[in-house]
Each structure stands twice: as structure tokens, then as C-alpha cells.
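The sequence shown begins at 3 in my numbering and counts up one residue at a time.
Here a beta-carbon is modelled for each residue, glycine too, at the ideal position from N, C-alpha and C.
Written below as C-alpha cells is the structure these notes are about.
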Amino acid sequence: MLKKKRKDFENKTFHNPFFEKRRQPHRKGVFFVLAGIFLIGGFLFLGYWQLHITTVTVDGTDDQVAQSIQQAATSQLTQRRFFIFPQSNLIFFNKKQLVETLKNQYQIAGVNIKKKPRSLDITVGQQPYRIILISGNTQYYLNDVGLVITEVNSQNQLSITPVGDGVELVRSGVSASAYPVVIDQSNREISIGGTALAPEKVVFITELVAAFADNRLPGITTFEIRSPAAEDLVATTRDGWYAYFSFKNSVFQQVNKLLAIINERVDDPARLEYIDLRFGEKVFYK
């Protein structure tokens, strides 16, 4: 019986262990890498689009101040934070820097800044106006302690024309007509944020306006002071006569003396030229 011989060459291998077979690239891995790059690029593009500040809105103040605040914020957008990152990006915009800038440049009660997609919303707490002060050819709003808030904008400018020894005042703006007008005859330079009139003088003038209204006296068109340090105040009434007051004496006492003169001694108020109430119990009038 013949035995079948095993052929060794059938099981021989020619694989060289020192040379690895080159593998084909994994197509799924390449796909995931490309998809990841695409997603990251899209996220960065959309993120930049949403984080880039293109709009600045200002609320809580008049148009003139709002425009100035908007310009200050826009100027900061061109700056860089830490010398690298643009502040036009919401992430790197420095709110604290803008708040300090606005408080230093404008007499405002407070600032609230909200970051929204592609925009900044700035809400300003503006200090109330009490007086309009005119010095030279410039008109300013003052607050209740005599600080200069801002200039009167063109829409509310008061038209002033010299007439004889006094002036003729035309109120052209709605908001401007709500405040007493003080003319500083020294024509000094005034800076925004500085003190233009002492707080007690602001109080005196506002109380005097209220006292005239309460006692049905003719309205006061303008007040005049020789300088910020002056102790005398001249009030021009709508009827054309003048009243001289002293900041040293109380509004109540001086208005009472004024009423006594008009009611008891002046026969025809239309012919009255002036009343001088600056010298205590002595009152001069013509």
C-alpha cells in the first residue's frame, strides 16, 4: 500500500518579518478628521460673526450726550486688550474701562452696560438738570450742586439779544424752557464736569423761581450775576422790571418784602422799573 507523501512546499510562507506590509489608510478616520475640521471652522466663523460688535445703543439721556457716549464706546472698540485681543469682540471688550471713561467725562449718576450678540446696550442714569448757565456764547446745563453736565444742544439753544441795559431772551426749545436761565457777565471759560455755581446759589435761584410762581408774581425770564463769587443776583421779569436780591439773605424774607412793596406802595406795577431788596429792611424802588 502506497503512502501519500506530504508536500512541504504547500505550507511554505515567503513572509519577511523584517518588512511590514503597507496598510491602506482608514477611510472612516479621514472622514471624521475632515468633518471635525469643518465643524470647528464653522463654529469659529459663526462665533466670530456673533461676537463681533457692530452696534452700540445708548438710552437714558438726551441725544447730544448719547451721541458723545456712543463715540466714546466706538473709539474703545478700535483698541486692544492685553495688547493682543481686539475689544471689538464681546469676549474681550472691557466694560470696566468704558464705565470709568464715561464717569470721568460726563456727570452721570450711573452706567449699565449689557453685552448682546453683535451689540452693546448702554443705559445711563443722567443727573437731573436744574439751571441753564450762559457764559460768553455757550450755554450749559447745571445740576443741583452747580456742576456742569453738558452744553445745551442746538435744538434747545436760547436766543439772546441785547436790549438797552438788559437782554431779550427767546426760548426755542421745549426742554430748555423748563429751567431758570442765569447769565454770567464775566464771560469766563467753563469746563464740562467743573463747578460753575455754588450749590447754595443753585438752591437760592430754584427757590426764588418757585416763590414767584406761588405768589403769582410775574415770571422771571433771566437771572444775571457779575461773577461766580458775586453775592448779588438780578432777576428780570416778564413785565420788564428788575429785582435785585442778595444771596446772603433768605428767599422767604426778600420775597415778602417784594410783595409788600408791590401791594402797598406801587400804584401801577406796569410803570415799575426796579426793586432793590439787598439791604435788609431798607428797600429801594422806582
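Spatial neighbours of residue i within its chain, please: CB distance less than 7 Å, with the 5 preceding and 5 following residues excluded, ordered by chain position.
i: HIS54; result: SER90, ASN91, ARG120
i: GLY363; result: Here the chain comprises residues numbered 3 to 288, so residue 363 is not present and cannot be evaluated.
i: ARG82; result: PRO88, GLN89
i: TYR143; result: TYR131, ILE134, ILE151, THR152, VAL154
i: PHE11; result: Low confidence applies to PHE11: its pLDDT is 49, below 50, so where it sits in the model is not reliable, and the reading given next is rough at best. Around PHE11: no qualifying Cβ.
Thinking C-alpha only, which one of the options is nearest residue i?
i: ALA198; options: SER70, GLY112, GLU153, VAL268; result: GLU153
i: PHE249; options: ILE124, ASP61, ASP270, VAL236; result: VAL236
i: THR316; options: PRO88, ALA75, THR238; result: There is simply no residue 316 to check, as the chain begins at 3 and stops at 288 in what is shown.
i: GLN129; options: LEU135, ASP146, ASN139; result: ASP146
i: SER70; options: GLN109, LEU274, ASP216; result: GLN109
i: THR208; options: GLU283, VAL113, TYR181; result: TYR181
i: ALA200; options: ASN139, ASP241, GLY148, LYS259; result: GLY148
i: LEU261; options: GLY242, VAL285, ASN251; result: VAL285
i: PHE254; options: GLU266, PRO230, GLY282, ASP241; result: GLY282
i: ASN139; options: ARG190, THR239, VAL113; result: ARG190
i: LEU122; options: ALA111, GLU266, GLN52, GLY242; result: GLN52
i: GLN107; options: ALA68, VAL205, LYS117; result: ALA68
Does the distance from the CB of residue i to the CB of residue j come in under 8 Å?
i: ILE264; j: PHE225; result: no
i: SER137; j: ILE222; result: no
i: ILE124; j: ILE133; result: no
i: GLY195; j: VAL150; result: yes
i: ALA245; j: LEU279; result: yes
i: VAL60; j: GLN72; result: yes
i: SER188; j: SER252; result: no
Taking the beta carbon of residue i as the centre, do at least 16 other beta carbons fall within 10 Å, making it buried, or is it exposed?
i: LYS203; result: buried
i: LEU210; result: buried
i: TYR276; result: exposed
i: LEU48; result: Note that LEU48 scores 48 on pLDDT, short of 50, meaning its location in the model is unreliable and no value can be drawn from it.
i: ARG141; result: Sequence inspection shows Gln at residue 141; the Arg mentioned does not correspond to that position. Burial call: buried.
i: ILE86; result: exposed
i: ILE93; result: exposed
Would you mind reading off the limits of the alpha helix (DSSP H) that contains residue i?
i: SER70; result: 65-79
i: PHE84; result: Element bounds for PHE84: n/a, residue is neither H nor E.
i: THR152; result: First-last for THR152: 150-153, but that is the beta strand (DSSP E), not the alpha helix (DSSP H).
i: LYS105; result: 97-107
i: GLN256; result: 253-266
Under 8 Å between C-beta atoms, does residue i make it to chain B?
i: THR239; result: No chain B appears in this structure, which consists of one protein chain only.
Excluding the 5 residues flanking residue i on each side, which residues of the same chain have their C-beta closer than 8 Å to its C-beta?
i: GLN66; result: THR152, GLU153, ASN155
i: GLN78; result: GLN89, PHE95, ASN96, GLN99, LEU100, THR103
i: VAL268; result: LEU274, TYR287
i: ASN217; result: VAL257, LEU261
i: ASP234; result: ILE227, ARG228, TYR246, PHE247, SER248, PHE249, ARG280
With residue i as the anchor, note down where its beta strand (DSSP E) starts and where it stops.
i: GLN128; result: 121-128
i: VAL285; result: 284-287
i: ASP216; result: It is not in any beta strand (DSSP E) - ASP216 instead sits in the alpha helix (DSSP H) that spans 201-216.
i: GLU226; result: 222-227
i: ALA237; result: 234-239
i: PHE112; result: Inspection of the sequence shows that residue 112 is occupied by Gly rather than by Phe. Residues 110-118.
Skipping 5 residues on each side, what residues in its chain have a beta carbon closer than 6 Å to that of residue i?
i: PHE95; result: GLN89
i: LEU219; result: none
i: ALA272; result: none
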